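I have placed the structure first, in the form of structure tokens, so that the comments after it can refer back to it.
Protein chains: 2
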Amino acid sequence: MTRAEENYIKTIFHLGGATSQLISTNAIAEEMETKPSSVTDMAKRLADKELVNYVKYQGVSLTVKGVKTALAIIRKHRLWEVFLVKKLDFTWDEVHEVAEQLEHIKSEKLIDQLDALLDFPKYDPHGDPIPSKTGEFKERDKQLLSELPVHAKGVCVGVKDTSSAFLRFLDKNKIALGHTITILDKEDFDDSLRIQIDGRELQISNQIATNLYVKKE
Amino acid sequence: MTRAEENYIKTIFHLGGATSQLISTNAIAEEMETKPSSVTDMAKRLADKELVNYVKYQGVSLTVKGVKTALAIIRKHRLWEVFLVKKLDFTWDEVHEVAEQLEHIKSEKLIDQLDALLDFPKYDPHGDPIPSKTGEFKERDKQLLSELPVHAKGVCVGVKDTSSAFLRFLDKNKIALGHTITILDKEDFDDSLRIQIDGRELQISNQIATNLYVKKE
DNA sequence: AAGTATTTTTAGATTTGTCTAAAATTTTAA
DNA sequence: TTAAAATTTTAGACAAATCTAAAAATACTT
Chain G
6 MTRAEENYIK
16 TIFHLGGATS
26 QLISTNAIAE
36 EMETKPSSVT
46 DMAKRLADKE
56 LVNYVKYQGV
66 SLTVKGVKTA
76 LAIIRKHRLW
86 EVFLVKKLDF
96 TWDEVHEVAE
106 QLEHIKSEKL
116 IDQLDALLDF
126 PKYDPHGDPI
136 PSKTGEFKER
146 DKQLLSELPV
156 HAKGVCVGVK
166 DTSSAFLRFL
176 DKNKIALGHT
186 ITILDKEDFD
196 DSLRIQIDGR
206 ELQISNQIAT
216 NLYVKKE
Chain V
6 MTRAEENYIK
16 TIFHLGGATS
26 QLISTNAIAE
36 EMETKPSSVT
46 DMAKRLADKE
56 LVNYVKYQGV
66 SLTVKGVKTA
76 LAIIRKHRLW
86 EVFLVKKLDF
96 TWDEVHEVAE
106 QLEHIKSEKL
116 IDQLDALLDF
126 PKYDPHGDPI
136 PSKTGEFKER
146 DKQLLSELPV
156 HAKGVCVGVK
166 DTSSAFLRFL
176 DKNKIALGHT
186 ITILDKEDFD
196 DSLRIQIDGR
206 ELQISNQIAT
216 NLYVKKE
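As they're listed, the protein sequences go chains G and V.
Residue numbers are given in the numbering used here: position 172 of the first sequence equals residue 177, and the series is strictly consecutive.
Residue numbers are given in the numbering used here: position 190 of the second sequence equals residue 195, and the series is strictly consecutive.
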């Protein structure tokens, strides 16, 4: 498996998951910041290797083998993210770029031992679940903060947007995974929220609330 | 810098160090298990980037910039080796292959933090010195065990051959870095040695003795 | 010093992954 | 339902890194 192939597989999983829904070459090209014609070329190569089903003019979906491959890469990516934050004091907005490189390192022992060093973490620094060695992968029970009714309480368990800008905003406002958030009030006009977190009161925009995952209490 | 370029720079340093001695394309090809014609191509590319001096039909040597690059890669390689052994329980014969991959990861913060996590180690698991961030690099004062006279004492500080076969031999015979070795006797016929190590007596061949570095006491 | 052997380079081909521009197909919409 | 718009594929080109086979340069040897 080449690095490029791995990146395509990961992107296809990101866009379509394990479903058989066909993902267009255009969508993949957009996500990977490349051209549709390049995607077509790669789609054929991946189909030859039985990692994807490719239907001309329709798109691609991952085969069982492709899903397995994708989960292995995601497992590596997220374990490395945990390592960077827990052991090397990276902030959660710094990890992605380096993990993108580390995820391609080939060594089963390396990943198994890293998993052990980190105490077999279940979630990465953004709250996303880490697939097990065998590819088990349970999406956490969660919902967007914006979907909670007034007076409801939830524990912050993840972020949808993982951009540096958003993550740094959260750091600046001391909003971190594990914190309990209570919705004090909703503003109909702009859908902004008044929340309580960590004993503080905060006014947050709808854009923030639609990118924060919470687990209802 | 591409991965291939980095590997060439590393090999040239390995064969010629920081000297201006020209290394033949043949020697490089042999070391890298590739063809001399491929080395010629790369030599031109590296010369374009001012990483090597290339003299047609004579060979290449590293420029100052090339040496700096080589030391940065070696620093990364050796720090990762320490990490694998100290944190992930790799044995010293398992680290090379994985470190070959990890040494190409690009992130200054990653290496700085890794260095700190490992407590700023001075030597890698094979006893080779780790260049500092600024490229400082002092070869340890050492000599081959085979060069020691009878009754001399030395501390084991490194290995010349880093093959799995040799390293596993050392493990099996409980010869490790830091152990004190005393030469009890030399056999003229085959240059084998009778040594004392860790309270035990051991007969070792000349081939072993010419691949073990000690620091005379 | 000339001729052979060795080393090194050049020329041309291959693979991977990418691109642009043009052709083919599918979708949308009047 | 047919023309226009959008999407997707093909064709041809390019760069990196490699190879083989042949040519060129250097080194050895008598």
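Backbone N, C-alpha and C define an ideal beta-carbon position, used for all residues, glycine too.
These figures come from a predicted structure and were not determined experimentally.
- At a cut-off of 7 Å between beta-carbon atoms, Gln-148 (chain V) makes no contact with chain G.
- Within the same chain, Cβ atoms closer than 8 Å to the Cβ of Asp-133 (chain V) are found at Arg-83, Gly-163, the five residues on either side in sequence being excluded.
- Residue state for Asn-31 (chain V) is assigned as helix, using DSSP reduced to three classes.
- The beta carbons of Leu-115 (chain G) and Val-103 (chain V) sit closer together than 7 Å.
- With a threshold of 16 other beta carbon atoms within 10 Å, Pro-154 (chain G) falls short and is exposed.
- By a beta-carbon distance limit of 8 Å, Ala-48 (chain G) contacts Tyr-59 (chain G). Their separation comes to about 5 Å.
- Annotation: Leu-123 (chain V) has no Cβ neighbours in chain G at a cutoff of 7 Å; minimum Cβ distance is about 10 Å.
- Using a CB distance cut-off of 7 Å, Lys-15 (chain V) does not count as an interface residue toward chain G.
- Taking all protein chains in view, the Cβ of Arg-145 (chain G) is surrounded by fewer than 16 other Cβ atoms within 10 Å, so the residue is classified as exposed.
- Positions of the alpha helix (DSSP H) runs, each at least 4 residues long and wholly inside the region 144-183 of chain G, are given as 169-177 in order along the chain.
- Glu-206 (chain V): not part of any alpha helix (DSSP H); member of the beta strand (DSSP E) spanning 205-209, first to last residue.
- Annotated three-state conformation of Tyr-62 (chain V) is coil, per DSSP.
- Each of V:Lys-73, V:Thr-74, V:His-101, V:Lys-70 was checked against the Cα of Trp-85 (chain V), and the nearest Cα belongs to V:His-101.
- Separation of Lys-147 (chain V) and Gly-71 (chain V) (C-alpha to C-alpha, rounded to the nearest whole angstrom) is 27 Å.
- Residue environment analysis places Val-69 (chain V) among the exposed positions, since fewer than 16 neighbouring C-beta atoms fall within 10 angstroms of its C-beta.
- Contact residues of the region 79-112 of chain V toward chain G are Leu-89, Lys-92, Leu-93, Asp-94, Phe-95, Glu-99, Glu-102, Val-103, Gln-106, Leu-107, His-109, Ile-110, Lys-111, Ser-112 (C-beta to C-beta distance below 9 Å).
- Taking all protein chains in view, the Cβ of Ala-9 (chain G) is surrounded by fewer than 16 other Cβ atoms within 10 Å, so the residue is classified as exposed.
- Pairing Asp-98 (chain G) with Arg-199 (chain G) gives a Cβ-Cβ distance that is not under 7 Å.
- Per DSSP, the beta-bridge partners of Ile-186 (chain G) are G:Gly-159, G:Ile-202.
- Ranking G:Thr-39, G:Asp-117, G:Ile-213 by CA distance to the CA of Ser-168 (chain G) puts G:Ile-213 first.
- Measuring C-alpha to C-alpha distances from Lys-191 (chain G) to each of G:Phe-18, G:Ile-209, G:Lys-127 identifies G:Ile-209 as the nearest.
- Straight across, the Cα-Cα distance linking Ile-79 (chain G) with Ile-135 (chain G) is about 7 Å.
- Of the residues assessed, Thr-7 (chain G) falls on the exposed side of the cut-off, its CB having fewer than 16 other CB atoms within 10 angstroms.
- Every unbroken stretch of the beta strand (DSSP E) spanning 3 or more residues and falling wholly within the region 43-112 of chain G is given here in chain order: 57-60, 64-67.
- The beta carbon of Gln-118 (chain V) sits closer than 7 Å to some beta carbon of chain G.
- The C-beta of His-156 (chain V) has fewer than 16 other C-beta atoms within 10 Å across all chains shown, which makes the residue exposed.
- The C-beta distance from Leu-207 (chain G) to Leu-150 (chain G) rounds to 12 Å, too long to fall under 8 Å, and the pair is not in contact.
- In this structure, Val-90 (chain G) places its C-beta atom within 7 Å of the C-beta atom of Pro-130 (chain G).
- Looking at the backbone, the Cα of Asp-166 (chain G) and that of Asp-53 (chain G) are separated by about 34 Å.
- Annotation: Thr-24 (chain V) to Asn-31 (chain G) spans about 52 Å, alpha carbon to alpha carbon.
- The Cβ of Leu-115 (chain V) sits closer than 7 Å to at least one Cβ of chain G.
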